[in-house]
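For reference, the structure is listed below as structure tokens.
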Amino acid sequence: MPSVEQQIEQSRAKKKALIKKSILGFFVVLFVGVAGVLLVSFLPTVSNEAKSPMAQTDNATQSNNRETPNPQVTEFSEAERKALQVALSESKQRVTGLVQRVSQSRPFAVKAGQIEASLNQAFNEYGASNYGEVTSLLNDIDNNTAALNKEYEQAYTAPYEKALNAFNNNNNSEAFNLNRQSLNINPDFEQAKILQQRIDVFNQVQDAYEQARVGKVENNINKQREAYRKIIALDPYRSDAKQALATIDNQLKNSRFNGLLAKANDAITQQNYAAAKQYLKDAKSINGSSRELETISKKLNTLVASEEQNKIEEQVTLFARADEWQTVALLSNKGLSSFPSSPILQQAKQNAEAILSTAKRLKEFQQRPERLTDNTVRSLAQQEVDDAHALAQKSPKLLAQIRALEEVMDDVNTPRDVTITSDNDTYIKVLGVGLVGEVKRKTIKLKPGTYRIEGSRDGYRSTIREIEVSPSATNLSVHIACTEKV
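Per UniProt numbering, the very first residue in the sequence shown carries number 1; after that it's consecutive.
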């Protein structure tokens with residue numbers, strides 16, 4: 001939007017054009033005047049002294065006009081002029097908006113044009129520094145703008161309201177005429193445009209209402225439903241149709257909900273829990289807050305849980321009989337997380353842990369049989385074997401492991417042949433076991449373990465040899481003789 005100064009410049013340009021036209025007219029008049037003077041020169045003249053008093057008065061009046069200032073021109077400060085510029089600009093915006101708003105209604109457009117002409121006059125007065133006149137004009141312009149806006153709004157809303165009332169009373173022809181008046185004044189009035197759309201489909205909507213009525217008489221709920229759906233599609237503002245459709249949908253929903261619950265109960269009776277679960281899931285999507293649904297769901301959950309518990313207990317029992325205690329341990333732990341009070345799962349877990357831990361300890365003795373030569377270790381192994389026999393009846397694999405360890409223990413305790421060779425002069429003895437004597441070659445029996453063999457001879461330094469007899473050793477031999485003289 002141009003500023004006030006720009007608008008004033010435009011006004012001045014218009015004035016200049018007007019002045020040029022005035023000058024041209026002046027010269028035309030001057031030409032006519034000269035011609036008149038020439039004509040008068042041929043007529044008798046009157047002396048200056050004979051001039052009429054009226055002429056003297058006119059001259060005096062003209063002189064006074066030149067000396068007296070324009071009473072409308074008053075002194076305005078710079079701030080007041082700025083405020084006046086702002087007021088002009090704001091009025092310009094309001095008037096421009098009014099002109100655009102009423103442009104499609106000729107009577108109101110004419111009135112708006114008159115207000116716009118007054119605004120242009122206000123700009124001209126501002127350019128002529130007639131600030132007081134500008135203030136007065138702006139007051140009138142603003143009042144007239146507000147009044148015309150109100151008059152315009154009343155002009156198109158009043159027939160619309162009458163049209164809406166006629167439409168609601170099923171007087172479609174009157175509604176059409178009244179609403180057309182509203183749109184003729186303001187074609188962009190959104191409420192009237194919506195009403196016009198409703199008026200256009202009025203007959204189709206009435207036909208659909210008739211179909212709904214027939215469906216009700218026939219007790220055909222689906223026919224009613226389709227009719228009300230059609231009504232709402234044609235005229236979304238039909239609240240009665242929306243309410244009727246909601247009621248029908250609720251009836252159908254309740255009917256389907258009750259049917260699903262009945263199917264779920266039948267499936268539970270037939271122990272078809274998967275089907276019952278699906279029926280209840282579908283029912284929950286319709287009405288998840290139903291107490292009846294909650295009751296049936298709890299019943300199903302209890303039965304399903306019981307079935308799952310029985311299934312896990314059967315699996316655990318089956319694997320226990322198959323001597324698969326690692327699997328028994330896994331299944332029982334998993335089952336107890338869901339069914340912690342199951343005595344079968346609790347006992348299975350206890351047996352599995354006992355058998356697996358015993359088998360692990362027995363295996364440690366089997367993997368290091370040489371340790372069994374130690375009496376303390378051997379005693380511990382024997383204790384493990386004795387304890388394991390109590391579990392052996394539940395696990396054939398554990399029984400086989402016990403027997404294997406017992407064989408290792410027996411084998412470790414069986415003496416091995418050890419051949420001792422010497423010079424037949426050295427006196428030999430096995431420390432902690434017994435004497436061998438002076439021999440050239442002799443085979444003795446020693447149990448698996450570590451032994452020290454000593455050789456002694458008069459006049460010679462004694463010697464000691466250490467020998468390891470392992471459970472797996474065969475053909476062991478050792479040579480010992482005193483050869484270093486003292």
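Ideal Cβ positions, reconstructed from N, Cα and C, are used throughout, including at glycine.
Would you please state the rounded distance, in angstroms, between the beta carbons of residue i and residue j? I believe it to be under 8 Å.
| i | j | result |
| --- | --- | --- |
| D425 | T443 | Contact flag wrong, Cβ pair sits at about 20 Å. |
| residue 501 | I355 | No answer is possible for residue 501: it lies beyond the span of the chain, which begins at 1 and ends at 486. |
| R94 | T145 | 5 Å |
| N375 | K349 | No, N375 and K349 are not in contact; Cβ-Cβ is about 36 Å, not under 8 Å. |
| C482 | R457 | 4 Å |
| T474 | V412 | The pair is not a contact, with the Cβ atoms about 15 Å apart (cut-off 8 Å). |
| I199 | A175 | 6 Å |
| residue 488 | Q315 | Absent from the model: residue 488. The displayed extent of the chain is 1 to 486, so no value can be given. |
| Y152 | V110 | Going by Cβ atoms, the distance from Y152 to V110 rounds to 12 Å, so no, they are not a contact pair. |
| V201 | D240 | So it is not a contact: roughly 16 Å between Cβ atoms. |
| L261 | E292 | 6 Å |
| N179 | Q196 | 6 Å |
Beta-carbon within less than 6 Å of residue i's beta-carbon, same chain only, minus the 5 sequence neighbours each way: which residues are those?
| i | result |
| --- | --- |
| S289 | none |
| A155 | I185 |
| F313 | In the sequence on display, residue 313 carries Glu and not Phe. These residues qualify, in order along the chain: I344. |
| V304 | Y273 |
| A329 | A352 |
| Q211 | A227 |
Excluding the 5 residues preceding and the 5 following residue i in the sequence, name in chain order all residues of the same chain whose CB lies nearer than 7 Å to its CB.
| i | result |
| --- | --- |
| E484 | Y460, R461 |
| residue 488 | Nothing about residue 488 can be reported from this structure: the residues present for the chain run from 1 to 486 only. |
| L362 | E384, A388, Q401, I402, L405 |
| N265 | I296 |
| R371 | V377 |
| P369 | V408, V412, P471 |
| N170 | none |
| K263 | Y279 |
Can you name the start and end residues of the alpha helix (DSSP H) that residue i belongs to?
| i | result |
| --- | --- |
| T295 | 291-321 |
| K277 | 273-286 |
| L476 | First-last for L476: 476-479, but that is the beta strand (DSSP E), not the alpha helix (DSSP H). |
| K363 | 343-367 |
| D207 | 202-217 |
| D266 | 239-269 |
| Y228 | 221-234 |
| N375 | 375-392 |
| G459 | First-last for G459: undefined, no H or E at that position. |
| V412 | 396-412 |
| T483 | First-last for T483: undefined, no H or E at that position. |
| L331 | 325-338 |
Name the two residues that bound the continuous beta strand (DSSP E) containing residue i.
| i | result |
| --- | --- |
| G449 | 449-456 |
| K442 | 441-446 |
| V102 | Premise fails: V102 is in no beta strand (DSSP E) and is neither H nor E. |
| V436 | 434-438 |
| E468 | 463-469 |
| Y427 | 427-430 |
| V418 | 416-421 |
Among residues of its own chain, excluding the 5 on either side of residue i, which ones have a beta-carbon nearer than 8 Å to its beta-carbon?
| i | result |
| --- | --- |
| I141 | S91, V95, I115, S118, L119, A122 |
| T358 | E384, D387, A388, L391, L398 |
| V469 | R416, V418, L446, K447, P448, G449, T450, Y451, L476 |
| V478 | V418, T419, I420, T421, I453, R465, I467 |
| P44 | Interpretation of P44 is limited by its pLDDT of 37, a score under 50 that renders its predicted location unreliable; no figure is taken from the coordinates. |
| R238 | V205, I231, I232 |
| G455 | S422, T426, Y427, I428, S462, T463, I464, R465, I480, A481, C482 |
| I248 | I221, Q224, R225, Y228 |
For the ligand FMN, is there a heavy atom less than 7 Å away from the beta-carbon of residue i?
| i | result |
| --- | --- |
| S338 | No copy of the ligand FMN occurs in the structure displayed, which carries no ligand at all. |
Evaluate contact between the region 151-163 and the region 173-192, counting only Cβ atoms and requiring at least three cross-stretch pairs below 8 Å.
yes
If contact is defined by three or more beta carbon pairs under 8 Å, each pair taking one atom from either stretch, is the region 380-389 in contact with the region 402-413?
yes
Stretch-stretch touch, CB-based, cutoff 8 Å, three pairs: the region 108-124 with the region 146-157
yes
Touch check for the region 219-237 and the region 246-255: three-plus C-beta pairs under 8 Å?
yes
Sufficient close CB pairs (3 or more, under 8 Å) joining the region 335-344 to the region 307-315:
yes
Pairing CB atoms from the region 236-245 with CB atoms from the region 269-289, are three or more of them under 8 Å?
no
Check whether the region 166-183 touches the region 82-100, counting contact only when three or more Cβ pairs, one atom from each stretch, lie closer than 8 Å.
no
Minimum length 4: unbroken alpha helix (DSSP H) runs contained in the region 112-173:
131-168
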